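In my numbering, the protein residues as written are 145 to 351. See below for the structure under consideration.
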């Protein structure tokens, strides 16, 4: 259920979020407001809490204290409708290696309850430039191809908010350039993007 206190023009609203693991503070008093259609890059070295923030906003982890809302939904409620509003791209592709790209995308489209899983699967695979490899096992793909397919997985249900958690990890320079082009195309007036990275130059390019 959407919250009346959530700013109507906000896609992500975070207020005094803290996350502790025992005596270790991963996040301490994080607050920001991201409007619909904006692109925000969060910089920080490894271990700074960037992935923890993404996990909280995508309902995988709960904050120790504070409040966060995404697409009008309270992340603490874990509403399934919130999960249909978000897509996550990270160094973990969340793909099934023995399945083809088409089979992977049909699976995720069905998980999100789409009306035409095969049609949507074909569409997003073509959008990321993998149409000619649509029926090859994913385990045969390079790291760069896997990340492009992970983009397709993240947008198969056309989410309004995208989280990019260190998406360039493990990519060679050529693959990184190709990925950058695809990621840039994801940012539209209707889609909000939050990216975390330790690479200042690449993060500023995306913004």
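Glycine included, each C-beta is placed from N, C-alpha and C at the ideal position. In this text, all values refer to a predicted model and were calculated from it rather than measured experimentally.
Give the DSSP bridge partners of residue 307, in chain order.
Numbered from 1 along the chain shown, position 163 holds the residue referred to as residue 307. Residue 307 is bridged to 232, 338.
Buried or exposed by the 16-neighbour rule on C-beta atoms within 10 Å, applied to residue 283
By one-based count along the chain shown, residue 283 stands at place 139. With fewer than 16 Cβ atoms within 10 Å of its Cβ, residue 283 is classed as exposed.
So, are the CB atoms of residue 292 and residue 273 less than 8 Å apart?
Taking the chain shown and counting its residues from 1, one reaches residue 292 at position 148. Taking the chain shown and counting its residues from 1, one reaches residue 273 at position 129. Closer than 8 Å, so yes.
Tell me the DSSP secondary structure of residue 204 in three-state form.
Translated into the one-based positions of the chain shown, residue 204 becomes position 60. Residue 204: coil per DSSP, three-state reduction.
Have a look at 214, 209, 188 and flag the residue whose alpha-carbon is nearest the alpha-carbon of residue 203.
Within the chain shown, residue 203 is the residue found at index 59, counting from 1. Comparing alpha carbon positions, the residue from 214, 209, 188 closest to residue 203 is 214.
Residue 341 burial status per 10 Å Cβ neighbour count (16 or more: buried)
The residue given as residue 341 occupies position 197 in the chain shown. Buried, because 16 or more other Cβ atoms sit within 10 Å of the Cβ of residue 341.
Identify, in the order they occur along the chain, each residue of the same chain with its Cβ nearer than 6 Å to the Cβ of residue 248, setting aside the five sequence neighbours on each side.
Along the chain shown, read from residue 1 onward, the residue named residue 248 stands at position 104. The answer, listed in chain order, is 239, 240.
Buried versus exposed call for residue 279 [16 or more other C-beta atoms within 10 Å across all chains shown]:
Within the chain shown, residue 279 is the residue found at index 135, counting from 1. When all chains shown are included, residue 279 counts as exposed.
DSSP on residue 252, reduced to helix/strand/coil?
One-based indexing of the chain shown puts residue 252 at position 108. Note: residue 252 maps to helix in three-state DSSP.
Any idea what DSSP makes of residue 284, helix, strand or coil?
Sequence index remark: in the chain shown, residue 284 carries index 140 (1-based). DSSP places residue 284 in helix when its eight states are reduced to three.
Identified DSSP bridge partners for residue 343:
Counted from its first residue, the chain shown places residue 343 at position 199. Looking at the DSSP output, residue 343 bridges to nothing.
Measuring alpha carbon to alpha carbon, tell me which of 286, 302, 300, 210 ends up nearest residue 318.
Residue 318 sits at position 174 when you count from the first residue of the chain shown. Taking only the C-alpha atoms, the option nearest residue 318 is 286.
Helix, strand or coil at residue 321 [DSSP, three-state]
Counted from its first residue, the chain shown places residue 321 at position 177. Helix at residue 321.
Is there at least one non-hydrogen atom of the ligand MG closer than 7 Å to the beta-carbon of residue 330?
Within the structure as shown, the ligand MG is missing, as the structure has no ligands at all.
Measuring straight from C-alpha to C-alpha, what distance separates residue 344 and residue 189?
By one-based count along the chain shown, residue 344 stands at place 200. By one-based count along the chain shown, residue 189 stands at place 45. Taken atom to atom, the span from the alpha-carbon of residue 344 to that of residue 189 is near 10 Å.
For residue 197, three-class secondary structure by DSSP
Numbered from 1 along the chain shown, position 53 holds the residue referred to as residue 197. Looking at residue 197 - three-state DSSP - the assignment turns out to be helix.
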